[in-house]
Amino acid sequence: MLRDVENHSLPRAAAFFDLDKTVIAKSSTLTFSKSFYQGGLINRRAALRTAYAQFVFLAGGLDHDQMERMREYLSDLCRGWNVQQVREIVAETLHDLIDPIIYDEAASLIEEHHTAGRDVVIVSTSGAEVVEPVGELLGADRVVATRMVVGEDGCFTGEVEYYAYGPTKAEAIRELAASEGYDLDRCYAYSDSATDLPMLQAVGHPHAVNPDRALRREAAARGWPVLEFRRPVRLKKRLPTLSVPPRPALVTAAAIGAAAATAGLVWYASKRRSTT
529 MLRDVENHSL PRAAAFFDLD KTVIAKSSTL TFSKSFYQGG LINRRAALRT
579 AYAQFVFLAG GLDHDQMERM REYLSDLCRG WNVQQVREIV AETLHDLIDP
629 IIYDEAASLI EEHHTAGRDV VIVSTSGAEV VEPVGELLGA DRVVATRMVV
679 GEDGCFTGEV EYYAYGPTKA EAIRELAASE GYDLDRCYAY SDSATDLPML
729 QAVGHPHAVN PDRALRREAA ARGWPVLEFR RPVRLKKRLP TLSVPPRPAL
779 VTAAAIGAAA ATAGLVWYAS KRRSTT
């Protein structure tokens with residue numbers, strides 16, 4: 529159980545959550561692959577390979593080098609894609625695709641942090657076209673996500689403006705703490721990946737959730753709690769209070785294209801196949 533309700537005479541605190549495999553049971557971007565295919569953003573071959581990419585992600589995640597290769601590839605791949613189309617596809621399929629894969633344990637933690645008076649912030653490498661709607665579904669107070677430059681024509685230019693990954697996540701947390709008055713020593717953070725070590729180290733109460741091997745070793749060495757989330761559940765049936773719209777996000781990095789990220793992992797899966 530978490531500590532009692534925050535003493536409001538003390539500095540404010542927040543709980544920072546990674547998204548994929550921490551709050552939801554799959555990759556947020558890959559989950560929309562069928563919808564992207566139906567919307568014409570990816571072809572049939574890419575859609576089929578995405579199923580394999582999802583398996584790779586769930587089996588072991590992506591390390592730093594793989595994430596960097598994916599970023600380079602997807603930034604070129606998504607050039608010219610219409611941002612509004614991506615947003616519409618996500619909005620139309622969000623409840624059907626994301627609601628069933630939210631971890632019951634994560635939903636409980638979000639509720640407990642809110643009850644204790646702490647803000648809840650989703651901090652994800654995925655694009656804001658996916659992360660923002662998911663954050664709203666969860667009742668998060670703020671969202672930090674990757675964004676890509678959008679041209680005057682409403683399409684991605686292929687340039688990454690902000691990449692919410694690794695040390696950049698920790699920087700965003702520190703900036704948010706400064707602007708909102710959070711005491712980081714009293715804040716919480718949750719992630720499944722060793723690439724999020726900077727974010728976990730930035731707070732006083734780090735937690736490893738369904739950790740990969742590297743993070744599990746680090747958590748053991750540092751004495752961090754290790755949580756195992758295993759029960760996906762529909763929020764509508766479990767915690768209707770979590771679907772209440774959050775306050776307007778103060779830190780929202782606006783978008784790397786969910787479709788682009790999907791195709792990037794498809795590329796990684798293809799490369800992995802070709803080398804095995």
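Residues in the sequence shown are numbered from 529 upward in steps of one, following my numbering. Glycine residues also receive a C-beta, built at the ideal position from the N, C-alpha and C atoms. For clarity, every value in this text was computed on a predicted model and none was experimentally measured.
Is the CB-CB distance between residue i and residue j below 8 Å?
| i | j | result |
| --- | --- | --- |
| Y710 | A543 | no |
| A688 | E657 | Before going further, note that residue 688 is Val rather than Ala in the sequence given. Their beta carbons are not under 8 Å apart, which means V688 does not touch E657 by this criterion. |
| S636 | D546 | no |
| V672 | V649 | yes |
| D713 | G732 | yes |
| A730 | A698 | yes |
| L665 | I638 | no |
Ordered along the chain, which non-local residues of its own chain (more than five positions away) have a Cβ less than 6 Å from that of residue i?
| i | result |
| --- | --- |
| A736 | L743, A747, W752, V754 |
| T550 | Y718, S719, D720, V737 |
| R762 | D627, P628 |
| D647 | A542, D669 |
| I552 | I629, I630 |
Could you please give the first and the last residue of the uninterrupted beta strand (DSSP E) stretch that includes residue i?
| i | result |
| --- | --- |
| G655 | 647-655 |
| A542 | 542-545 |
Sorted by chain position, which residues of the same chain lie with C-beta nearer than 8 Å to residue i's C-beta, five sequence neighbours on each side aside?
| i | result |
| --- | --- |
| R759 | Y631, D632, E633 |
Taking only heavy atoms of the ligand FMN into account, decide whether any of them is closer than 7 Å to the Cβ of residue i.
| i | result |
| --- | --- |
| V658 | Questions concerning the ligand FMN fall outside what the structure shown contains, since it holds no ligand whatsoever. |
Can you tell me where the alpha helix (DSSP H) holding residue i begins and where it ends?
| i | result |
| --- | --- |
| A619 | 611-625 |
| A742 | 741-750 |
| L637 | 632-643 |
Go through its chain and collect everything with a Cβ distance to residue i's Cβ below 7 Å, but skip five positions before and after it.
| i | result |
| --- | --- |
| R734 | Reading off the sequence, residue 734 comes out as Pro, not Arg. Around P734: A717, L728, W752. |
| P661 | V618, A619, L622 |
| E756 | N738 |
| A722 | D740, A742, L743, E746 |
Residue ranges of each alpha helix (DSSP H) run of no fewer than 4 residues wholly in the region 672-735, ordered along the chain?
695-708, 725-729
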